[in-house]
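Asker: Heads up, the sequence shown is in our numbering, so the first residue is 42 and it goes up one at a time.
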Amino acid sequence: MCGIAGWLNWERNLRREQGIVGMMADCQQKRGPDERGEWSSENVALAHRRLIVIDPEGGKQPMVKKYQNNQYVLVYNGELYNTEDLRRDLKAEGHSFEGHSDTEVLLTSYIAWGSECVKRLNGIYAFAIWDKSRERLFLARDRIGVKPLFYTEQENGFLFASELKGLLSHPEVEARIDEDGLSEIFTIGPGRTPGHGVIKGIKELKPGYSMVVNRYGIKEEQYWKLESKLHQDDLETTIAKVRELFIDTVERQLVSDVPICTLLSGGLDSSAISAVASRAFIREGKENIDTYSVDYEGNEDHFEANEFQPDPDDVWIKKMTDYLGTTHHYIRLSNDKLVEALRDGVYARDLPGMADIDVSLYLFCKEIKKKFTVGVSGECADEIFGGYPWYHNQDALEANTFPWSRKLDDRVKILSTDLIERINPQKYMENRYQEALSEVPRLAGESGIEERMREMFYLNLTRWMPTLLDRKDRMSMYTGLEVRVPFCDHRLVEYVWNIPWEMKNVGGRRKGVLREALKGILPEDIRLRPKNPYPKTFDPAYFAATRDWLLEIINDNNSPILDLIDVDYIRKLAASDGDFDIPWFGQLMRLPQLFAYLIQVNVWLEDYGVVIE
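1) Looking only at its chain, what residues have a beta carbon closer than 6 angstroms to the beta carbon of Met506, apart from the 5 residues adjacent to it on each side?
2) Would you be able to state if there are at least three C-beta pairs under 8 angstroms between the region 462 to 472 and the region 225 to 241?
3) Based on the DSSP output, what are the partners of Arg324 in its beta bridges?
4) How long is the line joining the alpha carbons of Val11 and Ser306, rounded to whole angstroms?
5) Kindly confirm or deny that the region 156 to 168 and the region 103 to 121 touch, where touching means at least three C-beta pairs closer than 8 angstroms.
6) If I measure Cβ to Cβ from Pro212 and keep anything under 8 angstroms in the same chain, skipping five residues before and after, which residues do I get?
7) For Val253, I'd like the list of residues in its chain whose CB is within less than 6 angstroms of its CB, leaving aside the five on either flank, ordered along the chain.
8) Relative to the C-alpha of Cys406, which candidate in Thr520, Asp450 and Leu614 has its C-alpha closest?
9) Grouping DSSP H, G and I as helix and E and B as strand, with all else coil, what is Met104?
10) Under 9 angstroms, do Val317 and Tyr122 count as touching if we go by C-beta distance?
11) From the DSSP output, read off the bridge partner residues of Cys302.
12) With DSSP as the reference, please indicate the residues paired to Arg373 in a beta bridge.
13) Name the residue from His433, Tyr649, Asp459 and Glu292 whose alpha carbon lies nearest to the alpha carbon of Lys545.
14) Taking contact to mean at least 3 C-beta pairs separated by less than 8 angstroms, is the region 528 to 542 in contact with the region 259 to 275?
15) Please list the terminal residues of the continuous alpha helix (DSSP H) segment that includes Arg293.
16) Along the chain, where does the beta strand (DSSP E) that runs through Asn84 open and close?
17) For Thr508 versus Ala477, is the C-beta spacing smaller than 9 angstroms?
18) Met252 lies in the beta strand (DSSP E); which residues open and close that run?
19) Are Asp514 and Lys132 closer than 9 angstroms when you measure CB to CB?
20) In its own chain, which residues sit with a C-beta less than 7 angstroms from the C-beta of Thr279, not counting the 5 before and 5 after it?
21) Return helix, strand or coil for Val547, following the three-state DSSP convention.
22) Looking at the strands, I want to know which residues DSSP matches up with Gly164.
23) Going by CA-CA distance only, name the one from Arg612, Lys173 and Leu569 that's closest to Leu639.
24) Is the beta carbon of Gln70 closer than 9 angstroms to that of Ala46?
25) Under the three-state reduction of DSSP, which class applies to Asp648: helix, strand or coil?
26) Give me the Cα-Cα distance between Asn501 and Gly232, rounded to the nearest whole angstrom.
27) Just to confirm, is the Cβ distance from Cys43 to Gly140 under 9 angstroms?
28) Whose CA, out of Gly308, Phe322 and Trp645, lies closest to the CA of Gln294?
29) Pick from Asp648, Val608, Glu647 and Ala582: whose alpha carbon is nearest that of Glu633?
30) Quick check on Gln435: buried or exposed, where buried means 16 or more other Cβ atoms within 10 Å of its Cβ?
31) Here's the rule I'm using: 16 or more other beta-carbon atoms within 10 Å means buried, otherwise exposed. How should Phe138 be labelled?
32) Consider the Cβ of Leu115: report whether some Cβ of chain B lies at a distance smaller than 9 angstroms.
33) Suppose you measure from the CA of Leu286 to the CA of Arg483; what does that come to, to the nearest Å?
34) Taking C-alpha atoms, which residue in Ala615, Glu408, His531 and Val608 lies nearest to Tyr264?
35) Suppose only complete runs of 4+ residues qualify. What are the alpha helix (DSSP H) ranges in the region 420 to 459, listed by chain order?
36) Determine the direct distance from the alpha carbon of Pro624 to that of Leu635, and round the result to whole angstroms.
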């Protein structure tokens, strides 16, 4: 994995300004700590920061290749999982290779097939290719949106980078926000509307889209989208197909020239990945795979079961590691470190995020990075198979809003009157929700629960899952750790999308079809274990620490957040020991996380010098 940056300008000689693009990449150094590279021509400058995973010598970037009197230059962040399939096809068409990297295969794929190459790729990626003879820049992002790609248009020019910080480091890009940006932060946040960069003038290339930039402007094309069609397979065939796709995608994602491990919580998804990985390692004569888990100091004393988190993980982790015989590493995080790292979470995401849910992953990845460069994680199975409580809760199904944001009224209470009047949070949320529903690919003849469940799956795949993928990418890459997410394989997503709800939920169990597919792969008690999300701290010391920090902020007359919040109401919340009856965002973000989010908003406004228009 890597960090990429580029600048296209039709009126300036960028050979003289290559250092600016180098700076845009270097501020993303944590994404690519191993190597840096730059390339420039008169109108284009590209830069790259590399995390070496495959072919240390043959995968250097920017990669330049000449073919039939044309020159092609690639900067790429990601990993292809069908590299050898593509290489075979390209060799059959007469192409040759100097190394064994997926980078060279990707560039050659574009040379051979042009813009259509993206339809043949299986992987996670964001890349840009300068096509010299056509005088065009071609950019693309993977189908699910695992890897990020932000851009901004200029007069006579165009800038792009893996992260917002890459664009903001350019001297002509300012951190400004208007009503839309404020609405994203205080209404949608820590989620984000697809394509929205929050900063004024900055956009993100949407998942499944490619883009061509040339002298005539910018043209985007959606090369992949979900298609609704009648599911023809019976239950037995469906279970077998899910099993086949799952095993294949996990095994494809174990390819690496550097050490690789799995993240294991003891839940269904991470346990299944660890089991398939362990068997593959042993079959290939390798030492058994290492596994990692995370929890918090004091959670054994303060854990409280609830609808979203029914039991702690430790006993289940022990069962799985004993079953697989893996070398397991227990990581314990302190609440002090969790609070201290809230600032790091902002720097990693370049936006306020999921507070301790974010930074705990950052601290976890930081520990894993001490021994490993690649991890494999069970992220996104719940979106694809319907594991979240809101798929099964009638109130959530009937809420007529995003099910992870049902506490909007409580969120609005924390805002200043001026901000409420300016952004109209309820209207903004309603518009974004209706916008999402209008995109749902409908299936003729569906009605009732099947129609609503198709809507729910679409909302989760396109509005909720990107929040978690942003979190996974930014927090892991901020430590120089690549984390792969097999459940995001587009073949699996496409197939499961059209499985009817009653089949997905077979046996009356959440993710029932996946559980059936994992028979014989997992111990029965693990296979049937109820969903448990990524762990959070239950220690009241964390609540106290975030409360005290937020009070310091609102007691400082220079704090930039003051004009945006209702300070008196925040003081009342801080004086109470109460909590929201359900999370105000997602599954885990309650009052301590609300305090932490507001802290992160203030850090972001202050440290990024954000100007509110």
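Glycine included, C-beta positions come from ideal geometry on N, C-alpha and C. What you are looking at is a predicted structure, and each value in this text was computed from that prediction instead of being measured.
Answerer: Working from what's here:
1) Your numbering for residue 506 matches position 465 in the sequence shown. Around Met506: Cys421 and Glu424.
2) Counting C-beta pairs with one atom in each stretch, the region 225 to 241 and the region 462 to 472 have three or more that are closer than 8 angstroms, which means they touch.
3) Locating residue 324 in the sequence shown gives position 283, where the first residue counts as 1. Arg324 pairs with nothing; no bridge assigned.
4) Outside the displayed range of the chain (42 to 654) lies residue 11, so it cannot be described from this structure.
5) Between the region 156 to 168 and the region 103 to 121, the count of C-beta pairs closer than 8 angstroms reaches three or more; the two stretches touch.
6) Translated into the one-based positions of the sequence shown, residue 212 becomes position 171. Ile61, listed in sequence order.
7) As a working mapping, residue 253 is identified with position 212 in the sequence shown. Cβ within range, chain order: Arg177, Phe179 and Lys260.
8) Residue numbering aside, residue 406 sits at position 365 when the sequence shown is read from its first letter. Selected option, being the one with the closest Cα: Thr520.
9) One-based indexing of the sequence shown puts residue 104 at position 63. In this structure, Met104 counts as strand in the three-state DSSP scheme.
10) Along the sequence shown, read from residue 1 onward, the residue named residue 317 stands at position 276. Along the sequence shown, read from residue 1 onward, the residue named residue 122 stands at position 81. No, these two residues do not count as a Cβ contact at 9 angstroms.
11) Position 261 of the sequence shown, counted from the start, is the residue given in the question as residue 302. Looking at the DSSP output, Cys302 bridges to Asp331 and Gly416.
12) For the purposes of this step, residue 373 is taken as residue 332 along the sequence shown, with counting starting at 1. Paired residues: Asp336.
13) As a working note, residue 545 is residue 504 in the sequence shown. Residue His433 is the option with its Cα nearest to Lys545.
14) Remark: three or more beta-carbon pairs, one from each stretch, lie closer than 8 angstroms, so the region 528 to 542 and the region 259 to 275 are flagged as touching.
15) What you label residue 293 is simply residue 252 of the sequence shown in a count that begins at 1. Segment Leu276 to Arg293, the alpha helix (DSSP H) holding Arg293.
16) Here residue 84 corresponds to residue number 43 of the sequence shown, with the count starting at 1. According to the DSSP assignment, Asn84 belongs to no beta strand (DSSP E), since it is labelled neither H nor E.
17) Here residue 508 is taken as the residue at index 467 of the sequence shown, counted from 1. Here residue 477 is taken as the residue at index 436 of the sequence shown, counted from 1. At least 9 angstroms separates the beta-carbon of Thr508 from that of Ala477.
18) Stepping through the sequence shown from its first residue, residue 252 is reached at position 211. That run of the beta strand (DSSP E) goes Tyr250 to Asn255.
19) For the purposes of this step, residue 514 is taken as the residue at position 473 of the sequence shown. For the purposes of this step, residue 132 is taken as the residue at position 91 of the sequence shown. No; because the gap between Cβ atoms is not below 9 angstroms, this pair is not in contact.
20) Here residue 279 is taken as the residue at index 238 of the sequence shown, counted from 1. Excluding sequence neighbours, Thr279 sits near Ile540, Met544 and Val554.
21) Residue numbering aside, residue 547 sits at position 506 when the sequence shown is read from its first letter. DSSP, reduced to helix, strand and coil, places Val547 within a helical segment of the structure shown.
22) What you label residue 164 is simply residue 123 of the sequence shown in a count that begins at 1. According to DSSP, Gly164 bridges with Leu121.
23) Against the sequence shown, residue 639 aligns to sequence position 598. When only C-alpha atoms are compared, the closest one is Arg612.
24) Taking the sequence shown and counting its residues from 1, the one referred to as residue 46 is at position 5. Taking the sequence shown and counting its residues from 1, the one referred to as residue 70 is at position 29. Their beta carbons are not under 9 angstroms apart, which means Ala46 does not touch Gln70 by this criterion.
25) Position 607 of the sequence shown holds residue 648. Per DSSP, reduced to three states, the secondary structure at Asp648 is helical.
26) Here residue 501 refers to the residue found at position 460 of the sequence shown. Here residue 232 refers to the residue found at position 191 of the sequence shown. Taking the straight line joining both Cα atoms gives about 12 angstroms.
27) The sequence position of residue 43 within the sequence shown is 2, counting from 1. The sequence position of residue 140 within the sequence shown is 99, counting from 1. Cβ distance not < 9 angstroms, so Cys43 and Gly140 don't count as in contact.
28) For the purposes of this step, residue 294 is taken as residue 253 along the sequence shown, with counting starting at 1. When only C-alpha atoms are compared, the closest one is Phe322.
29) As a first step, residue 633 is located in the sequence shown; it is residue number 592 there, counting from the start. Going by the sequence as given, residue 633 is Pro instead of Glu. The alpha carbon of Pro633 has as its nearest neighbour, out of Asp648, Val608, Glu647 and Ala582, the alpha carbon of Ala582.
30) Stepping through the sequence shown from its first residue, residue 435 is reached at position 394. Looking at its Cβ environment, which holds fewer than 16 other Cβ atoms inside 10 Å, Gln435 is exposed.
31) The count along the sequence shown starts at 1 and reaches residue 138 at position 97. By the neighbour-count rule (16 or more Cβ atoms within 10 Å), Phe138 is not buried but exposed.
32) Of the protein chains in the structure, only one exists, and it is not chain B.
33) The residue labelled residue 286 in the question sits at position 245 within the sequence shown. The residue labelled residue 483 in the question sits at position 442 within the sequence shown. If you take the alpha carbons of Leu286 and Arg483, they lie about 25 angstroms apart.
34) Here residue 264 is taken as the residue at index 223 of the sequence shown, counted from 1. That would be His531, whose Cα lies nearest to the Cα of Tyr264.
35) The region 420 to 459 contains these whole alpha helix (DSSP H) runs: 422 to 426, 435 to 438 and 449 to 454.
36) Against the sequence shown, residue 635 aligns to sequence position 594. Against the sequence shown, residue 624 aligns to sequence position 583. Going from the Cα of Leu635 to the Cα of Pro624 covers about 10 angstroms.
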